[in-house]
Each structure stands twice: as C-alpha cells, then as structure tokens.
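Scroll down for the structure; my scribbles are underneath it.
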Amino acid sequence: MNLIEKTKHHFLTKEFFLFLVIGCINTFNCTFMAWLCSFFIADANLTFNIGYILANLCACWMNSRFVFHDTLSVSRFIKFFVSYIPNYIIQNIIVIIFYNWLGYPPIVSYLIAAILGIPVTFLLVKLFAFGKK
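For the record, in the sequence shown the residue sitting at position 108 is 1013 according to our numbering, with numbers rising by one throughout.
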C-alpha cells in the first residue's frame, strides 16, 4: 500500500469524519472551559491546560462510544490520554507562539492549536488507544 492509499485508508473514512465532529465538540468544550477558567485565573496558558484536560475527559468517552464502538476501560482511558500527549505538546507550543509571542487573542490561539493537532491525534487514538488497524 503506497502513501496515498494509506492516507485514504485512514483519513477518508467514517471514523475520521466522526473523529472530526467530536473534535469540533471537543474544541468548543476546551475553548469554553478555558474561557470560563479565565474569569478566575489570569494565566491564559494555565486556563488552556485546564480546559484541555476537562474537554478530553468528554472526548475519551465520545470517541469510545461513537467512533470506535469499544467499551471504555481503564486501559483504554490511559491509552487515550497517552495518545493525546503529542497533541498536547503541539497545542501548547502553538498557544505559546500565537498568544505569548505574536499577541493573538487567547481564544484565537486555542482554536488554531486545536486545528493543527488533529491528524497526529487521530492516528494515535485509532492505532494505539483503540487498536484499529
């Protein structure tokens, strides 16, 4: 299978479409929770991290239930969060760049960060957390 076929196999699927839908919900949840936290915490980086963790609790359940149709276990829950570590790093770097260095508004920085981490996260969640080849 060549690179184009592999890309189609992973990204032109119902699973990826549903992952994107849940990702949109998760992006909203993360952004909304980070925004709510900003009323109590002045540090935009910290509020992003709190929103990120809270939103991913919901995303784990939604992906398990609606995308990969697996029961949620402690093992899958841990693998899901491990799968999100690269995404977490990518998104934090993007927030630092766009918010801290370039001066973009926090909410715009959060949205840019969410969009750019999607492909890596999908593959890790699909292959590692839910073991779907």
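Glycine included, each C-beta is placed from N, C-alpha and C at the ideal position.
Please read these numbers as outputs of a predicted model, since none were measured by experiment.
task: Identify the continuous alpha helix (DSSP H) that holds V1013 and give its terminal residues.
output: Here residue 1013 is taken as the residue at index 108 of the sequence shown, counted from 1. First-last of the alpha helix (DSSP H) with V1013: 1011-1021.
- prompt: Whose C-beta lies closer than 7 Å to the C-beta of Y1009 among residues of the same chain, with five residues either side of it excluded?
  reply: On the sequence shown, residue 1009 is found 104 positions in, with the first residue counted as 1. Taken in chain order, the residues that qualify are F1003.
Cβ-based neighbour list, L923, same chain, cut-off 8 Å, excluding 5 preceding and 5 following: In the sequence shown, the residue the question calls residue 923 occupies position 18. So the list reads F971, V972, once near-sequence residues are dropped.
message: Which same chain residues end up closer than 8 Å to V1025 when comparing Cβ atoms and leaving out the 5 residues on each side of it in sequence?
response: Locating residue 1025 in the sequence shown gives position 120, where the first residue counts as 1. So the qualifying residues of the chain are P991, N992, I995.
message: Less than 9 Å between the C-beta atoms of C935 and A1034, yes or no?
response: As a first step, residue 935 must be located in the sequence shown, where it is residue number 30. As a first step, residue 1034 must be located in the sequence shown, where it is residue number 129. No, they are not a contact pair.
query: Is the beta carbon of A939 sitting closer than 9 Å to the one on P1011?
result: As a working note, residue 939 is residue 34 in the sequence shown. As a working note, residue 1011 is residue 106 in the sequence shown. Cβ atoms of A939 and P1011: closer than 9 Å.
- prompt: Short check: CB of N954 to CB of I1001, under 9 Å?
  reply: Translated into positions along the sequence shown, residue 954 becomes position 49. Translated into positions along the sequence shown, residue 1001 becomes position 96. Not in contact: N954 and I1001 (Cβ atoms no closer than 9 Å).
query: Is F933 helix, strand or coil by DSSP?
result: The residue given as residue 933 occupies position 28 in the sequence shown. Note: F933 maps to helix in three-state DSSP.
message: Can you check which of these residues, F1027, L908, K911, A947, is closest to S988 by C-alpha distance?
response: Numbered from 1 along the sequence shown, position 83 holds the residue referred to as residue 988. Comparing Cα-Cα distances from S988 to each of F1027, L908, K911, A947, the minimum goes to F1027.
field: Cβ shell of F921 (< 8 Å), same chain only, five flanking positions each side left out
entry: If you number the sequence shown from 1, residue 921 lands on position 16. Answer for F921: H915, F1027, listed in chain order.
task: Determine, using beta carbons only, whether I1023 and L925 come nearer to each other than 9 Å.
output: Within the sequence shown, numbered from 1, the residue matching residue 1023 stands at position 118. Within the sequence shown, numbered from 1, the residue matching residue 925 stands at position 20. Cβ atoms of I1023 and L925: closer than 9 Å.
field: Minimum length 4: unbroken alpha helix (DSSP H) runs contained in the segment 980-1012
entry: 990-1000
query: Is C935 near the ligand MG, judged by its Cβ being under 8 Å from some heavy atom?
result: For the structure depicted, the ligand MG is absent and the ligand set is empty, with no information on it obtainable.
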